[in-house]
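To start, the structure under review is shown below, and the notes come after it.
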Amino acid sequence: MEASATAASDAPITFYRLQACPYCERVARLLNEYDLEYRSRFVEPMHSRRDVVKRVAGVRSVPVVVDENTGVTMAESANIVDYLESTYGEDGQRADAAAESRGDD
Amino acid sequence: MPDFEVTDLGPADHLEAGEEGPDFTRPLVTDEFWEDRSLSDVVADEGRTILVCTPMIGSFVAKYIYDELDKRSWFDRADRIVGLTAATPYAVSSFLDENEHPFAIFADPANDVAESLGIAHDLDGMTGISEPRAAVFGLEPDLTIDSAWVSTEWPEFPPYDDLESELGLE
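Each protein sequence line maps, in turn, to chains A and B.
Those letters in the first sequence? Residues 1 to 105, by UniProt numbering.
Those letters in the second sequence? Residues 1 to 170, by UniProt numbering.
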């Protein structure tokens, strides 16, 4: 448990999410399906208290994904799903690279 | 400081200097978000680390301790100081936000970490509630404890002056 948590803190993908938010769960399912390492950051339900998301992504909505593999920061679950599918899905360009980087950790 | 009704908790069977501190993973909470972190991960990032344990958020003991850390500018070393309490991440996050504290605090509602440190305290007359005693541990980068102060009364506040000298915070 400790070892995986340490690995997660070095994970290239940071996922800003809200507890039990269906849009966030949609993104979580895909991250897990593609076996991508990510760190989850739960933020506050109140928009006014989501300064960190605003700083990172320019919006106060979640989900937001920051992917250091590609330098991409993205909000809106539909956009994120499209991005993950095209980047890490079967036809994605990064699928092999992602598998290799997992091997390095 | 006002007068309090003081309860004697007796000595705790807690980890002492020279022993290895327990590694654990819990949500580490700031005023903005929380994420799973392990203590070893935090210590690896920051080097020598001070673990400040308090009774649950909502108790005046926790509030007074963090107010005092702010007053003493321990927040200048906030990167080296990490808290632990028995409270939900939401409660911890609101507490840090409302009081503008720069610290990060591990949220451990089940109080298992305090149990492993030997500082758990069952609230007399309350069912199902356990919280950490007020305690301050100095941790070497390999998690060896090099300093341990644990309260023996409720309420009791850390001997800040002594700790500043012992922990190199002067």
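Glycine included, every Cβ here is placed at the ideal spot set by N, Cα and C.
Predicted, not measured: the structure shown is a model, and the values here were computed from it.
**OP:** Would you list the one or two residues that DSSP bridges to G138 of chain B?
**Re:** Locating residue 138 of chain B in the second sequence gives position 138, counting from the first residue. Per DSSP, B:I50, B:S147.
**OP:** Have a look at B:L15, B:D8, B:W74 and flag the residue whose alpha-carbon is nearest the alpha-carbon of S147 of chain B.
**Re:** Against the second sequence, residue 147 of chain B aligns to sequence position 147. Nearest option by C-alpha distance: B:L15.
**OP:** Determine the chain A residues that contact P89 of chain B at a beta-carbon separation under 8 Å, and present them in chain order.
**Re:** The residue labelled residue 89 of chain B in the question sits at position 89 within the second sequence. Going along chain A in sequence order, the residues near P89 of chain B (Cβ under 8 Å) are F42.
Original post:
Which residues, taken in chain order from the stretch 28 to 53 of chain B, show a beta carbon closer than 7 Å to some beta carbon of chain A?
Top reply: Under the 7 Å Cβ criterion, the stretch 28 to 53 of chain B contributes E32, F33, W34, E35, D36, R37, S38, S40, D41.
Original post:
Would D97 of chain B count as contacting chain A if we go by Cβ distances under 9 Å?
Top reply: Residue mapping note: residue 97 of chain B aligns to position 97 of the second sequence, counting from 1. Answer yes: the Cβ-Cβ gap between D97 of chain B and chain A drops below 9 Å somewhere.
Subject >> Supposed close pair P45 of chain A, L18 of chain A - CB separation, criterion 8 Å >> reply: Indexing the first sequence from 1 puts residue 45 of chain A at position 45. Indexing the first sequence from 1 puts residue 18 of chain A at position 18. That belief holds up - the Cβ atoms of P45 of chain A and L18 of chain A are roughly 6 Å apart, short of 8 Å.
Subject >> Local Cβ density within 10 Å of T14 of chain A, reported as buried at 16 or more and exposed below that >> reply: As a position in the first sequence, residue 14 of chain A is number 14, starting the count at 1. Its Cβ being crowded by 16 or more others within 10 Å, T14 of chain A is buried.
Subject >> Cut-off 8 Å between Cβ atoms - residues of its own chain near T85 of chain B, not counting five sequence neighbours on either side >> reply: As a first step, residue 85 of chain B is located in the second sequence; it is residue number 85 there, counting from the start. Result list for T85 of chain B: C53, T54, P55, M56, I57, A62, V92, I105, F106, A107, D108, E131, P132, in chain order.
Original post:
Looking only at C-alpha atoms, which of B:V150, B:E140, B:T25 sits nearest to I119 of chain B?
Top reply: Residue 119 of chain B sits at position 119 when you count from the first residue of the second sequence. Residue B:V150 is the option with its Cα nearest to I119 of chain B.
Original post:
Hey, is the stretch 121 to 128 of chain B in contact with the stretch 75 to 91 of chain A, meaning 3+ C-beta pairs nearer than 8 Å?
Top reply: no
Subject >> Distance between G89 of chain A and S77 of chain A (C-alpha atoms, nearest Å) >> reply: Taking the first sequence and counting its residues from 1, one reaches residue 77 of chain A at position 77. Taking the first sequence and counting its residues from 1, one reaches residue 89 of chain A at position 89. Taking the straight line joining both Cα atoms gives about 16 Å.
Original post:
Where does A120 of chain B sit, in a helix, a strand or coil, going by DSSP?
Top reply: What you label residue 120 of chain B is simply residue 120 of the second sequence in a count that begins at 1. It is a strand residue.
Subject >> V72 of chain A: first and last residue of the uninterrupted beta strand (DSSP E) it sits in >> reply: Here residue 72 of chain A refers to the residue found at position 72 when the first sequence is read from its first residue. Unbroken beta strand (DSSP E) run through V72 of chain A: 72 to 75.
Original post:
Is the CB of Y16 of chain A under 9 Å away from at least one CB in chain B?
Top reply: In the first sequence, the residue the question calls residue 16 of chain A occupies position 16. Taking Cβ atoms only, chain B reaches closer than 9 Å to Y16 of chain A, which makes this a yes.
**OP:** Use the C-beta contact count for R80 of chain B: other C-beta atoms within 10 angstroms, 16 or more gives buried, fewer gives exposed.
**Re:** On the second sequence, residue 80 of chain B is found 80 positions in, with the first residue counted as 1. It is buried - the Cβ of R80 of chain B has at least 16 other Cβ atoms within 10 Å.
Original post:
Any beta-carbon of chain A closer than 9 Å to the one on S93 of chain B?
Top reply: The count along the second sequence starts at 1 and reaches residue 93 of chain B at position 93. Yes, contact with chain A.
Original post:
Would you say L28 of chain B touches the ligand HEM, meaning its beta carbon is less than 8 Å from a heavy atom?
Top reply: As far as ligands go, the structure on display features none, and thus does not contain the ligand HEM.
Original post:
With burial defined as no fewer than 16 other Cβ atoms inside 10 Å of the residue's Cβ, what is the status of residue 234 of chain B: buried or exposed?
Top reply: What is shown of chain B runs 1 to 170, which leaves residue 234 of chain B out entirely.
Original post:
If you count every other CB in all the chains shown that lies within 10 Å of the CB of H47 of chain A, and 16 or more means buried, which is it?
Top reply: Taking the first sequence and counting its residues from 1, the one referred to as residue 47 of chain A is at position 47. With fewer than 16 Cβ atoms within 10 Å of its Cβ, H47 of chain A is classed as exposed.
Subject >> Opening and closing residue of the beta strand (DSSP E) in which F95 of chain B lies >> reply: As a working note, residue 95 of chain B is residue 95 in the second sequence. Not the beta strand (DSSP E): F95 of chain B falls in the alpha helix (DSSP H), residues 89 to 99.
**OP:** Look at the Cβ atom of I65 of chain B, then the Cβ atom of L169 of chain B, and state whether they are nearer than 9 Å.
**Re:** Here residue 65 of chain B refers to the residue found at position 65 when the second sequence is read from its first residue. Here residue 169 of chain B refers to the residue found at position 169 when the second sequence is read from its first residue. Between I65 of chain B and L169 of chain B, the C-beta gap is not smaller than 9 Å, which leaves the two residues out of contact.
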